[in-house]
Each structure stands twice: as structure tokens, then as C-alpha cells.
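K.L.:
Quick one: this structure, given as C-alpha cells, is what I'll be asking you about.
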Amino acid sequence: MIAALRRHEAPMDHFAQESHRKPILRIEGVTKTLQNQHVLQDLHLEIAEGEFLTLLGPSGCGKTTTLNMVAGFLQPDSGNLFLRGVAANTLPPQKRRLGMVFQSWALFPHMSVFDNVAYGLRMRGFPGSEIPTRVTAMLDMVRLSSAKDKFPSQLSGGMQQRVALARALVTEPDLLLLDEPLSNLDAALRKDMQVEIKRIHERLKVTTLLVTHSQEEALVMSDRIAVMRGGRIERIASPHTIYTDPHTAFVCTFVGDANIFDATIESISGNTAALRVGIQRILASRAPRTDDRGAVQIAIRPENVTIGRQGEARGDNTLEGTVEDTIFKGSNITYEVNVAGRTLQVLDLPKVGQELYQRKDHVSLSFSRESVILLDGGRSM
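Quick note on my numbering: the sequence shown kicks off at 8 and runs consecutively.
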């Protein structure tokens, strides 16, 4: 146990780059139908040892079905699932060496924190002499040593979540499954627990599969994110790559906010593409997969657009528009600006004393060619 408490030194993108790393979990061509609906369709996925991978998507996309299949609660209709290279389609849950934390943390109310964490060790027949050492080390890891004699009803929501996490980790599972474990926490505590789970993962290097619909949780905690849609994986990459190069409009708008427009490529010169969006001409850095001509979709993140007084030009692209609405959010303001009949969202971080724009103000919007994201028109990658 103590030997496992080590620092994670590899960079965030290394799992996508190191093909020699053996997968803990491999899913090959899995399909699943529930109540006459195709929930999973030809699903392929690998999770490397020590990786934190998140299945992200809206309700009904198949992410929870995938997790339940990995856990052994469901079996695929076709395709194969492997754990550490061993076929696991029909392997019962108790033989899969998994740790699980679900939305309801399912702590035993009549047991102390110590006994809740020790429960899995006792059920798996660990020697009684080892249990106190293992539990104490894990409680120290989740910073609950001082609460070991308390009962769940005496703990805050965040502390109860850490007990559930400690109970799942103390048996040293091959794979940790997290099914929206933060959904029952308030917003502030949820942010704290995101950092806490990331810290613990970096210490223990436990291979982890998280299911969530929260883009923030996925971006903060993951080594890679698999965005699911309609039972398939639409895009899988590191958080930074998912955000900056989403490939499709669905991924782009599900992971962050974006202004999406239909455009036509007029010409390409070197690494720059000239696009036509209605009556507007926009320059964009050419993506490697961009065709020389034709219709495309483009995206511009609101935070990459600079707003200024009419006539001000600060980037490769400048558009003139009229403020339709201002949405004050405390640390930032979102402006909705009408540009030639289209509405663009602009995220601004006003400085102290800065004058804010009001409805009907005439403004200039500027953005660089590098900030224009060329999309693939919605096809799965």
C-alpha cells in the first residue's frame, strides 16, 4: 500500500502517445440493445494502465451502460471486453478486481469511518493483521485520519465522498469506476472534490474510468476524454486537444461554449484559409484535414473574441456589430452581439473601473486566425 503512494510524473498527453503501454481495459466492437433501443453501437475503447479516462456525454449517449458493462452488471450483445488481457464478457463482478464509487455513496450508517473503509478488505479475506495498516494509510491519503471513529451521519457530504473513495481504493483495484460521484455535492464542494480526486489519482496512479455529463469535471480530472453520442465515441483525446480541436460541432458545443457558423472555403494560401461567412470574409489557420474548396463549419470560442469600440481593430479578423444583450456573471460578462443578422457571444473579463457596453452600442469584434476552429461537419472520428 505505502509503496503505491507515489507521484505521477508523466505529462497529460502521454497516454495518447505511448502505444506500448498495456491496456487495463479493452473494449472491441461492443454493441448493446436495451428495450429495443441501440444503446451501444460498435464501441471501441482502450484504457492504459495508470490512466484517468472520462466518458463524457449527454443523457442517453451510452456512457453509463458502458460503465455497467465494465462492472459486470450487463453483458454485451456482441463484441468483447478484456480486463488485463483476459476475456471478461461473462466474468462476475466480484472477480473483476474493480473499485466502484457511484452517485449514492452507500456508506453503512451503523459503521464507523474506519469500518466502512475496512469492509471491502474483510469481505475479500485480507489478513486481519494487515487491515489496520491499510485502512490507516488510506485514511491518511484522503485526509480523514482524525474522523476514523465518526459515523457517516456526522460527516459532511465531501467527507462522506472521501470515505466512499477510500473504501474503493483500499483493496488496490486494477480499475476504479466512478459513476457521476460528485453529482450530489453543492457547486463549491464539487470543485474541491475534483481537485482532491485528481490529487489522489496522481499519487496512486490507479487506472480510473469516470462517467459524467459535466464538462468541467472531465476537463479538470482526466488524462483523456471520450465524448460519446448515440452509443458511439465521437472524439477521444486529451482535455486540451478536445477543447482546441474538437473536430465536430457536437463535441465543440458540448465541451465549452462556441459560436458555430456555416462557411465556404474560398482559397488557401500556405497555412491560411480564406472563408466566406455570409457577407463576411474570415481568415483561419488551415487544419491539416481541410479541403481546398467547399462548405465547412467553423467555431469561435467566446473567450477568444475581443470586444472594442466601433472602428477598433485588434486581430486578423474584425467584424462590426451591435450589442443585443449583456449577461453579468460576476467575474466575467457575456455580450451577445448582432453581426449582419448573426448573434455572436463574447466573453469579456472587465477590469476594475472599466466601462461596460450596453444594449444598442456599436462595437468591433476582433479575433485571430488561430482562434478559428475548422470542424468536420459532424462525422464521428
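C-beta: ideal position from N, C-alpha, C; glycine also.
Is DSSP giving residue 310 helix, strand or coil here?
P.N.:
Taking the first residue of the sequence shown as 1, we reach residue 310 at position 303. In the structure shown, residue 310 sits in a helix (DSSP, three-state: H, G or I).
K.L.:
Can you list, in chain order, the stretches of the alpha helix (DSSP H) that have 4 or more residues and sit fully within the segment 68-153?
P.N.:
70-78, 120-130 and 138-148
K.L.:
What do you reckon, are the CB atoms on residue 366 and residue 268 nearer than 8 angstroms?
P.N.:
Counting from 1 along the sequence shown, the entry for residue 366 is found at position 359. Counting from 1 along the sequence shown, the entry for residue 268 is found at position 261. No, the pair does not count as a contact, with Cβ atoms beyond the cut-off.
K.L.:
Tell me whether the beta-carbon of residue 216 lies closer than 8 angstroms to the beta-carbon of residue 182.
P.N.:
Along the sequence shown, read from residue 1 onward, the residue named residue 216 stands at position 209. Along the sequence shown, read from residue 1 onward, the residue named residue 182 stands at position 175. A contact, by the Cβ cut-off of 8 angstroms.
K.L.:
Hey, quick one: how far does the alpha helix (DSSP H) through residue 199 stretch, first residue to last?
P.N.:
Position 192 of the sequence shown, counting from 1, holds the residue named residue 199. Segment 194-211, the alpha helix (DSSP H) holding residue 199.
K.L.:
Please name the residue in 113, 361, 222 and 60 whose C-alpha comes closest to that of residue 263.
P.N.:
Locating residue 263 in the sequence shown gives position 256, where the first residue counts as 1. For residue 263, the nearest C-alpha among the options comes from 222.
K.L.:
Does residue 334 pass the burial test, meaning 16 or more other C-beta atoms within 10 Å, or should it be called exposed?
P.N.:
As a working mapping, residue 334 is identified with position 327 in the sequence shown. By the neighbour-count rule (16 or more Cβ atoms within 10 Å), residue 334 is not buried but exposed.
K.L.:
Hey, residue 354 and residue 372 are a contact pair by Cβ (cut 8 angstroms); roughly how many whole angstroms apart?
P.N.:
Here residue 354 corresponds to residue number 347 of the sequence shown, with the count starting at 1. Here residue 372 corresponds to residue number 365 of the sequence shown, with the count starting at 1. Contact doesn't hold; Cβ gap of about 12 angstroms is too wide.
K.L.:
Might you give, ordered along the chain, the residues of its own chain that have their beta carbon closer than 7 angstroms to the beta carbon of residue 377, omitting 5 neighbours on each side?
P.N.:
Here the question's residue 377 lines up with position 370 in the sequence shown. Sequence-distant Cβ neighbours of residue 377 in its own chain, meaning closer than 7 angstroms and more than five residues away, are 292.
K.L.:
For residue 59, which of helix, strand or coil comes out of DSSP?
P.N.:
One-based indexing of the sequence shown puts residue 59 at position 52. In this structure, DSSP gives residue 59 an extended state, which the three-state scheme calls strand.
K.L.:
Could you tell me the boundaries of the alpha helix (DSSP H) in which residue 165 lies?
P.N.:
Working through the sequence shown from its first residue, we reach residue 165 at position 158. Element bounds for residue 165: 164-176.
K.L.:
Determine the burial state of residue 229: buried for a count of at least 16 other Cβ atoms within 10 Å of its Cβ, exposed for fewer.
P.N.:
The residue given as residue 229 occupies position 222 in the sequence shown. By the neighbour-count rule (16 or more Cβ atoms within 10 Å), residue 229 is buried.
K.L.:
Whole angstroms is fine: what's the gap from residue 11's alpha carbon to residue 80's?
P.N.:
Against the sequence shown, residue 11 aligns to sequence position 4. Against the sequence shown, residue 80 aligns to sequence position 73. Bear in mind that a pLDDT of 30 at residue 11, under 50, signals an unreliable position, so the model cannot answer this.
K.L.:
Can you give the beta carbon distance from residue 343 to residue 362, rounded, assuming they're within the 8 angstroms contact cut?
P.N.:
Counting from 1 along the sequence shown, the entry for residue 343 is found at position 336. Counting from 1 along the sequence shown, the entry for residue 362 is found at position 355. Incorrect: roughly 18 angstroms between the Cβ atoms, too far for contact.
K.L.:
Work out the CA separation of residue 149 and residue 44 for me, nearest whole Å.
P.N.:
Numbered from 1 along the sequence shown, position 37 holds the residue referred to as residue 44. Numbered from 1 along the sequence shown, position 142 holds the residue referred to as residue 149. About 41 angstroms.
K.L.:
Once the 5 residues before and after residue 382 are set aside, which same chain residues still bring their CB inside 8 angstroms of it?
P.N.:
By one-based count along the sequence shown, residue 382 stands at place 375. Here the set comprises 253, 254, 255, 256, 259, 267, 303, 304, 305 and 306.
K.L.:
Is it right to say residue 380 is buried, meaning 16 or more other beta carbons lie within 10 angstroms of its own, or is it exposed?
P.N.:
Along the sequence shown, one-based indexing puts residue 380 at 373. The residue in question, residue 380, is buried, as its Cβ has 16 or more Cβ neighbours within 10 Å.
K.L.:
Using only alpha-carbon positions, find the residue among 281, 239 and 97 that is nearest to residue 49.
P.N.:
Working through the sequence shown from its first residue, we reach residue 49 at position 42. Of the candidates 281, 239 and 97, the one whose C-alpha sits nearest the C-alpha of residue 49 is 239.
K.L.:
On a CA-only basis, which of 191, 375, 74 and 310 is nearest residue 320? Give me that one, please.
P.N.:
Residue numbering aside, residue 320 sits at position 313 when the sequence shown is read from its first letter. Closest by alpha carbon: 375.
K.L.:
Quick one, which of 157, 128, 166 and 245 has its alpha-carbon nearest residue 119's?
P.N.:
Counting from one through the sequence shown, the residue named residue 119 turns up at place 112. For residue 119, the nearest C-alpha among the options comes from 157.
K.L.:
Would you call the segment 86-103 and the segment 171-179 in contact, with 3 or more CB pairs under 8 angstroms?
P.N.:
No, the segment 86-103 does not touch the segment 171-179.
K.L.:
Check residue 223 in the structure and name its three-state DSSP category.
P.N.:
For the purposes of this step, residue 223 is identified with residue 216 of the sequence shown, where counting begins at 1. DSSP places residue 223 in helix when its eight states are reduced to three.
K.L.:
Count the other CB atoms, across all protein chains shown, that sit within 10 Å of the CB of residue 62; report buried if there are 16 or more and exposed otherwise.
P.N.:
Within the sequence shown, residue 62 is the residue found at index 55, counting from 1. Buried is the call here.
K.L.:
Using the three-state DSSP reduction, which class does residue 12 fall into: helix, strand or coil?
P.N.:
Residue numbering aside, residue 12 sits at position 5 when the sequence shown is read from its first letter. With a pLDDT of only 30 at residue 12, under 50, the local geometry of the prediction cannot be trusted, and no value is derived from it.
K.L.:
Nearest by alpha-carbon distance to residue 276: which of 283, 284, 290 and 285 is it?
P.N.:
For the purposes of this step, residue 276 is taken as residue 269 along the sequence shown, with counting starting at 1. Ranking the options by Cα distance to residue 276, first place goes to 290.
K.L.:
Label residue 286 either buried or exposed according to how many other C-beta atoms from any shown protein chain fall within 10 Å of its C-beta, with 16 as the threshold for buried.
P.N.:
Here residue 286 corresponds to residue number 279 of the sequence shown, with the count starting at 1. When all chains shown are included, residue 286 counts as exposed.
K.L.:
May I ask you to list the residues that DSSP assigns as paired with residue 301?
P.N.:
Within the sequence shown, numbered from 1, the residue matching residue 301 stands at position 294. Beta-bridge pairing links residue 301 to 272.
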